[in-house]
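Just below is one structure, and these are the notes that go with it.
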Ligand SMILES: [Zn+2]
């Protein structure tokens, strides 16, 4: 398995230090370190299988399609469209005081569907298929969460 992050292939997206939606710190493992390091630079990574060519999301070292371990990091554009979304009007835990907020699946231009939040956008403007652009919300010292704004 290659763990080397790719050279930048798209301009960096914004990294917000004081996010508009609470950003819990994710668990970081040796296998996901490069992914989280890239988020702090405004870059979104996925993995791609070099045996079958499929994009892999969530990022993991073994291809879920052909079980190859010949997978590599690849930067994605950060552009996509809303595949599905739900407005959460009664949050729980750390999200209790955040509602309403938006939970969504965004389909990246590269193919994978990513569970995420739509932020900084009027709820009435949300539609399936609407273009979105990634933004990163800093979550502690070692990571920023990829979220999306309407483009
Ligand atoms: Zn594969």
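Numbering (the numbering used here), first residue to last: 59 to 209. Glycine is no exception: its CB is placed at the ideal position from the N, C-alpha and C atoms. This structure is a prediction, so every number in the text was calculated from the model and none was measured.
For residue 165, the pairing in a beta bridge is given by DSSP as 139, 171.
For residue 97, the enclosing alpha helix (DSSP H) has its first and last residue at 91-98. Annotation for residue 112 indicates a beta carbon within 6 angstroms of some heavy atom of ligand 1. Going by DSSP, residue 208 is part of the beta strand (DSSP E) stretching over 202-208. In the three-state scheme derived from DSSP, where H, G and I count as helix and E and B as strand, residue 123 is classed as coil.
Judged by beta-carbon spacing, residue 129 lies within the 7 angstroms limit of residue 119, meaning their Cβ atoms are closer than that value. Relative to ligand 1, the beta carbon of residue 123 is positioned inside 6 angstroms of a heavy atom.
Looking at 154, 97, 138, 69, the one whose alpha-carbon comes closest to that of residue 186 is 138.
Residue 194 has its alpha-carbon roughly 11 angstroms from the corresponding atom of residue 78. Of the candidates 155, 170, 142, 170 places its Cα closest to the Cα of residue 136. Remark: the C-beta of residue 126 is in contact range of ligand 1, defined as less than 6 angstroms to any heavy atom.
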